[in-house]
Structures are given as structure tokens and as C-alpha cells.
Amino acid sequence: MPTTRRAPDAGDAASDPGKASVRRLRQTAERLTLEQSAAGASELTEQNRRFEAALANMSQGLCMFDAESRLVVCNHRYHEIFGLAPGELAFGITQDDLCRILIAKGFYPPSVTPESIRESTRVALLDGDGLPVLRELADGRVIAIRYRSMEGGGWVSTFEDITAQRRNEARIAHLARHDALTDLPNPRTLREEGRALALRADRREIAAYYFDLDRFKLVNDTYGHGVGDELLRAVADRLRAALGAADGIVGRLGGDEFALLRLVRSEAEAEAFAEALLAAIVRPYALSCGRLDAGVSIGVALRRAGAAEDVETLLQNADLALRHAKSNGRGTVHLFDPALSEAARQRRVLEAELRTALAENQFELHYQPLVELGGQRTVGVEALLRWRHPERGLVSPVLFIPLAEEMGFIVPLGDWVIRQACRDAAKWPDHVVVAVNVSGIQLHQKGFAASVLAALREAGLAPGRLEVEITESVLIDESEASLDNLETLRAAGIRFAMDDFGTGYSSLSYLRRFPIDKIKIDRSFMKDAQTNADALAIIRAIAGLGASLGITTLVEGVETEEQLGIARAEGIDQVQGYLFSRPQPKAEIEGKLG
1 MPTTRRAPDA GDAASDPGKA SVRRLRQTAE RLTLEQSAAG ASELTEQNRR FEAALANMSQ
61 GLCMFDAESR LVVCNHRYHE IFGLAPGELA FGITQDDLCR ILIAKGFYPP SVTPESIRES
121 TRVALLDGDG LPVLRELADG RVIAIRYRSM EGGGWVSTFE DITAQRRNEA RIAHLARHDA
181 LTDLPNPRTL REEGRALALR ADRREIAAYY FDLDRFKLVN DTYGHGVGDE LLRAVADRLR
241 AALGAADGIV GRLGGDEFAL LRLVRSEAEA EAFAEALLAA IVRPYALSCG RLDAGVSIGV
301 ALRRAGAAED VETLLQNADL ALRHAKSNGR GTVHLFDPAL SEAARQRRVL EAELRTALAE
361 NQFELHYQPL VELGGQRTVG VEALLRWRHP ERGLVSPVLF IPLAEEMGFI VPLGDWVIRQ
421 ACRDAAKWPD HVVVAVNVSG IQLHQKGFAA SVLAALREAG LAPGRLEVEI TESVLIDESE
481 ASLDNLETLR AAGIRFAMDD FGTGYSSLSY LRRFPIDKIK IDRSFMKDAQ TNADALAIIR
541 AIAGLGASLG ITTLVEGVET EEQLGIARAE GIDQVQGYLF SRPQPKAEIE GKLG
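Going by the UniProt record's numbering, 562 is the number at position 562 of the sequence shown; the sequence numbering is gapless.
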């Protein structure tokens with residue numbers, strides 16, 4: 001008889017605990033599965049939200065393309081960079097379609113095509129170095145694009161607008177190569193561009209023009225550095241205009257010095273351009289202070305076609321020519337002569353030897369008597385510097401004093417002269433005054449007066465026995481340091497003599513404004529007094545002026561009895577010259593001081 005199975009009813013679970021447990025476990029598993037699915041969906045939703053937020057807040061534009069080169073992701077910043085409306089790009093369009101949209105909107109220049117974009121993408125993905133591809137848009141902006149491959153195909157591109165960064169980099173690079181005040185090339189750039197100019201000279205010559213403004217310091221002192229800067233910028237503008245489209249370069253070397261390099265075909269063309277430069281620069285300037293006139297001196301040097309001089313040598317030669325132009329009168333043009341180079345070499349040697357001379361005690365003082373006509377006795381001596389060179393013998397002061405002033409070496413050298421003169425004079429009779437020449441450069445030094453007073457104390461010499469000789473030009477310079485030094489020395493009892501009176505500026509006003517003890521009449525007047533009525537009249541007038549103001553008068557260059565007679569007849573107080581003695585070393589002059 002066959003068996004049959006019945007379906008379990010509700011009572012079975014109660015009667016079969018094992019089956020009930022299985023059922024509960026199944027239900028629990030189903031519930032947990034549903035909860036996990038819900039949690040996973042929630043987590044996925046949260047991840048998507050975070051991803052969308054990250055895309056929306058990126059500072060870079062981002063595009064993602066699949067293996068078929070179809071757009072799958074594009075963020076808000078990408079739309080901003082290319083001026084696209086939100087949602088304007090449909091997902092699924094190809095890279096070529098996207099490029100056509102950007103070209104149509106005018107973001108890419110006509111030279112850019114979908115094919116060129118596709119090729120640059122392929123190359124960047126092959127390189128795989130992550131370095132940016134720089135693309136300039138039609139509006140001048142620069143976009144840095146980076147490409148990254150994805151697993152399974154496709155790639156991600158990021159787009160960063162680096163326009164501001166590139167402009168800052170360009171500005172920094174420009175400042176490194178140009179003068180901040182005038183925007184002209186600086187010395188380094190001038191020389192680099194000059195070397196490039198030399199390479200393309202071919203059969204042409206290179207002309208170098210080296211120039212500075214005459215008396216530019218006076219502009220700064222009179223109107224202030226602001227006006228001085230205005231003038232330099234205006235000069236730079238005129239130099240640019242003068243060069244124009246010619247093959248060359250103009251730069252600022254520093255201060256009021258400029259240089260210009262230009263290709264020319266002949267010396268005549270080079271000189272004609274120099275004259276044109278001169279004419280352009282000296283035209284009056286309209287500045288904030290009003291109309292201002294400026295002078296300039298120009299040195300010119302030529303490198304002949306095929307010659308071997310480098311740009312540096314060419315500029316040095318032009319500088320030497322400029323120095324010669326200034327020494328022969330300002331406002332001129334001078335063409336370099338090879339003899340100037342030899343003179344410059346000798347000058348450099350002399351400069352080096354001059355510095356060594358002080359350390360090696362090669363300097364000595366010679367003294368020339370100052371004779372009082374009333375009793376015809378020596379009442380003082382003038383200290384005159386001599387350089388006893390170990391090989392050259394006695395070097396003329398005419399050679400080394402101007403050089404010492406240009407070098408700034410006159411300050412320590414002048415200090416030595418004053419100290420030595422004070423030491424020597426301290427051993428002589430009390431009625432003998434020692435006169436020392438002082439340059440304007442020394443008076444400019446803030447500590448000059450203190451140094452002189454220290455020399456007097458160290459030597460034990462009374463201030464009234466030191467006579468400081470200054471020229472008229474020193475009094476014209478009314479700088480604070482100079483006036484302070486003069487007043488301090490005057491208050492200490494030191495005497496002052498005005499040297500070369502009548503040869504310089506208007507002297508009378510300075511006699512009134514600054515108390516002078518002695519006027520020294522230049523030797524040129526005594527030399528001509530016997531044959532030139534004007535020279536004799538000047539001596540007579542100065543003698544009368546001194547008598548009326550109570551100022552001692554001394555005439556230099558008395559070499560004959562006839563000249564001595566003129567000095568007596570005109571009422572001169574003291575004389576100095578070869579008739580009485582040439583300048584002599586201390587040991588020889590001491591016998592004439594009794």
C-alpha cells in the first residue's frame with residue numbers, strides 16, 4: 001500500500017523545535033541582507049555626493065573620457081574656464097565634438113584642430129610623465145593641461161588657468177634683465193644683447209656710445225632725487241626714440257650713465273649718429289620742476305668689420321673716450337683713439353702705486369717761504385706735497401693730485417699732509433705760520449674739522465699757526481658738511497686764505513659771507529703785470545680791497561726784482577716766489593725761518 005506525505009501544519013513547528021529554528025534563521029538572514037543592501041546603497045549615495053562636491057569645488061577644470069574617447073565626467077570649473085553654460089556639454093560626446101564646440105566659440109585660435117588636440121593627447125598619455133601641456137587660448141590666457149590614463153582605458157584631463165602665474169614669472173624675468181627706473185636693459189642684458197649683435201654684424205661695424213649727463217649731481221642737489229629720476233626716465237625715452245628701428249640696443253649702466261650699441265657701415269655714420277644723440281638729449285625737458293636743460297658728453301668706439309674686440313672691450317674703449325670728452329670740455333663727442341688705452345693703462349698703474357706710496361712713506365713735504373714785505377722776513381711757509389717714487393724719482397703733483405681727488409684718495413693723503421705739517425711747524429719759531437691746501441672733497445667729509453683739531457693737539461701746535469688755503473669754488477659749495485667744518489675750524493682760531501683769488505667765480509660776495517684772513521693773488525697776474533695793464537690793475541684793485549677790509553694780501557709767482565718792486569708799489573703785504581726760494585725739504589728750509 002503506498003505511503004503519502006501530508007503537508008505540515010502550524011502545529012508541527014511547536015512539535016518540531018528544529019524546524020522553527022531554521023525558519024527564524026532564514027528570516028533573520030533575509031532581514032540582514034535587506035539592511036546591508038540599504039546600507040550599501042546609502043554609502044554609495046554618500047560617496048557619490050562627496051565625489052560631486054569634490055568636483056564642484058576643484059580649482060582646476062576636469063574632464064574624464066572613456067576608452068571610446070567619450071565624455072563621462074565634466075566639472076563646473078571646466079565650464080567656467082571655457083565660458084560654457086551649466087549642462088551645455090552633453091555626456092557621451094566625443095573629444096573631437098568637444099574641441100569643435102570650443103573652436104566655434106573662439107576659445108582656440110584657428111591653427112588648433114580636433115586632430116591636433118587628439119594628437120597632443122595621445123603623445124601626453126604615451127609619455128605618462130604628468131608634465132603639463134601648455135595651451136594658449138585666443139584671448140591670451142594660458143591653460144596648463146595634465147593627462148592621466150585610467151585602468152581599463154580612457155583618461156582624465158585637468159585644466160588650470162596659469163595666466164597670472166605666467167605674467168608674474170614674465171615680470172620677474174623682465175625685472176632681472178631691465179633697469180627698474182627707466183625700463184632700459186641693465187648692464188648684463190646690454191652685454192648679452194651686444195654679443196648677439198656682434199654675431200650678426202656681418203660686414204658692418206659696431207659702434208659703442210658711452211655717455212653720462214653733465215652735472216647731474218647738481219640737478220639732484222637743487223631739485224631733489226624725484227626730479228633727477230624724472231630726468232633719467234626722459235633721457236631714456238629719447239634714447240629709445242633715437243635708436244628707433246636701427247639694429248642695436250640701448251641700456252642704463254647705473255646712475256646717470258647710459259650706453260648704446262649699434263651697427264653702422266662707416267666711421268662717418270657712427271659720428272653722425274653721435275651728434276644726433278647729443279642734439280636729442282640736450283633739448284630742454286619739461287619736468288615737474290619746470291623747464292630743465294641738461295648737457296651730455298659722449299664717448300664713441302668702433303669695432304671695425306672683422307676685428308676681434310669683444311663687446312666688453314668696446315664699451316671700455318667708449319668709456320675712455322667719454323673721460324677724454326669730459327676732460328676737454330663738457331657737451332662734446334670724442335672718438336676713441338688707441339693712445340687713450342695706453343694712457344688708461346698708465347693711469348691704472350699710477351693709481352696702484354699711489355695707494356702703495358702712502359703705506360711705504362714715499363711722500364714728503366717741501367716748504368716755500370711766505371715773505372712779509374714790511375720787514376722782508378719769513379712769516380710763514382706753504383706746505384707742498386711731493387712724491388718721491390723709488391723708480392720715477394720726484395713725481396709732479398700735477399700728475400698725481402688730480403688723480404688722488406678722482407680716486408677719493410685725497411682724503412687720507414690730505415690727512416697725512418696736515419698731520420705732518422703740524423708736526424714740522426711745532427719745531428719752528430712761534431711766528432712762523434704753516435699754510436696747507438685743502439680740497440673741496442676733504443671739506444665734504446663730516447669728520448674733517450675733528451681730524452684737523454686732533455692733528456693740532458697731537459703736534460702741540462697753536463691753532464693760530466695753521467693756515468688753511470681754500471679756493472673760491474670750495475665756498476660756492478654750501479653743503480652742510482662743508483659749512484660745519486669751516487665754522488668749527490674758524491671758531492678754534494685757525495686762519496683761512498683764499499687761494500688763486502680772481503681766477504674763478506665772483507669772489508667779493510664770499511669775502512662778505514665768510515671771514516677770510518688772507519687773499520692770495522694768482523701768479524698769472526704778476527707774470528703779466530709788466531706788460532698787461534689789466535693784470536696790473538687787478539693787482540692794484542685786490543690790494544686796495546684787502547687794505548679796506550683788513551685782509552692780508554699775498555701775491556704768488558714773484559721771480560724778479562722788478563716784480564717785487566711792483567708788489568711793493570701796489571701795497572701788497574706778502575710775497576711768495578722763486579726770487580726768495582723754491583720749495584725745499586724741511587731740513588733745508590729751517591735755516592730761513594729765524
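Cβ coordinates follow ideal geometry from the N, Cα and C atoms, glycine included.
Segment limits, beta strand (DSSP E) that includes residue i
i	result
P369	F363 to E372
K446	Unbroken run through K446: none, as it is neither H nor E.
F211	E205 to D214
T378	R377 to H389
V296	G295 to R303
H334	V333 to L335
V555	T552 to E556
T471	L466 to T471
Residue span of the alpha helix (DSSP H) that contains residue i, given as start and end
i	result
M407	P397 to M407
Y78	H76 to I81
D484	E480 to A492
N437	Not the alpha helix (DSSP H): N437 falls in the beta strand (DSSP E), residues V433 to N437.
L593	Run containing L593: none; DSSP gives neither H nor E here.
G525	It is Phe, not Gly, that sits at residue 525 in the sequence shown. First-last of the alpha helix (DSSP H) with F525: R523 to D528.
L287	Counting along the chain, L287 falls outside any alpha helix (DSSP H), though it belongs to the beta strand (DSSP E) covering Y285 to L287.
Reference residue i; option with closest CA among the options
i	options	result
T292	L320, T113, V227 and R240	It should be pointed out that residue 292 corresponds to Leu in this sequence rather than to Thr. Of the listed residues, the one whose Cα sits closest to L292 is V227.
D500	I538, L125 and Q530	I538
V219	Q576, L335, A90 and Y285	Y285
Q60	D129, F159 and L89	F159
K518	S327, L181, A176 and L370	L370
E590	A272, Q368 and G83	Q368
R495	N532, P463, A279 and Q316	P463
S548	D573, D528 and D534	D573
G414	R148, E391, G447 and V156	G447
Q346	E119, R240, I249 and L320	L320
A305	A404, A201 and T222	A201
L545	L213, K520 and T113	K520
R233	G565, E269 and L213	L213
F65	G130, P114 and G153	G153
S149	G130, L322, L197 and P185	G130
A529	F514, A541 and Q563	Q563
L489	L443, T531 and E472	L443
L263	R238, K217 and L314	L314
A567	H366, E405, E372 and P114	E372
A455	L483, I418, V235 and V474	I418
V123	D237, R355, W155 and E458	W155
Length of the line joining the Cα atoms of residue i and residue j
i	j	result
A435	E382	5 Å
L579	E487	36 Å
S327	L137	58 Å
residue 595	P109	What the structure shows of the chain is the stretch from 1 to 594, and residue 595 is not part of that stretch, so it cannot be assessed.
I516	D430	22 Å
R141	L199	35 Å
C74	L84	11 Å
T121	G254	49 Å
K427	S451	20 Å
E267	A279	19 Å
A242	A276	8 Å
G577	D424	21 Å
residue 595	I281	Since the displayed the chain opens at 1 and closes at 594, residue 595 lies outside it and no answer follows.
L461	A497	18 Å
R77	G295	59 Å
I117	P185	39 Å
R171	M58	28 Å
L62	R252	47 Å
L312	S396	Residue identity differs from the one stated: residue 312 is Glu in this sequence, not Leu. Approximately 33 Å, taken between the alpha carbons.
T560	D229	56 Å
L322	E342	15 Å
Beta carbon proximity, residue i to chain D, threshold 7 Å
i	result
R203	The structure shown has no chain D; it contains just one protein chain.
Handout entry: Touch test, the segment 352-365 against the segment 383-395, Cβ-Cβ under 8 Å, three pairs minimum
Key = Contact between the segment 352-365 and the segment 383-395 is present, because at least three Cβ pairs lie under 8 Å.
Practice task
Answer yes if the segment 187-199 comes into contact with the segment 88-105, meaning at least three C-beta pairs across the two stretches below 8 Å, and no otherwise.
Solution key: The segment 187-199 and the segment 88-105 do not touch, with fewer than three beta-carbon pairs separated by less than 8 Å.
Exercise for the section: Would you check if the segment 426-440 and the segment 453-472 touch, i.e. whether three or more CB-CB distances between them fall below 8 Å? Expected result: The segment 426-440 and the segment 453-472 touch, with three or more beta-carbon pairs separated by less than 8 Å.
Practice task
Would you be able to state if there are at least three C-beta pairs under 8 Å between the segment 584-592 and the segment 548-556?
Solution key: Contact fails: fewer than three Cβ-Cβ distances are below 8 Å.
Practice task
Can you check the segment 133-180 for any beta strand (DSSP E) of at least 3 residues that lies completely inside it and give the ranges in chain order?
Solution key: The DSSP assignment places 133-136, 142-149 and 155-161 as complete runs of the beta strand (DSSP E) inside the segment 133-180, in order along the chain (cut-off: 3 residues).
Practice task
Kindly confirm or deny that the segment 369-383 and the segment 323-338 touch, where touching means at least three C-beta pairs closer than 8 Å.
Solution key: No: fewer than three Cβ pairs fall under 8 Å.
Practice task
Could you tell me whether the segment 253-273 touches the segment 203-217, using the rule of 3 or more Cβ pairs below 8 Å?
Solution key: Taking 8 Å as the limit for Cβ pairs, the verdict is that the segment 203-217 does touch the segment 253-273.
Practice task
Would you check if there are 3 or more beta carbon pairs closer than 8 Å linking the segment 176-188 to the segment 151-168?
Solution key: The segment 176-188, when compared against the segment 151-168, does not touch it at the 8 Å Cβ threshold.
Practice task
Say whether the segment 398-407 touches the segment 344-360, bearing in mind that this needs 3 or more beta-carbon pairs closer than 8 Å, one atom from each stretch.
Solution key: Below 8 Å, enough C-beta pairs join the segment 398-407 and the segment 344-360 to call them touching: three or more.
Handout entry: Any beta strand (DSSP E) of 3 or more consecutive residues that is wholly inside the segment 207-273
Key = With a minimum length of 3 residues, the continuous beta strand (DSSP E) runs that stay inside the segment 207-273 are 248-254 and 257-264.
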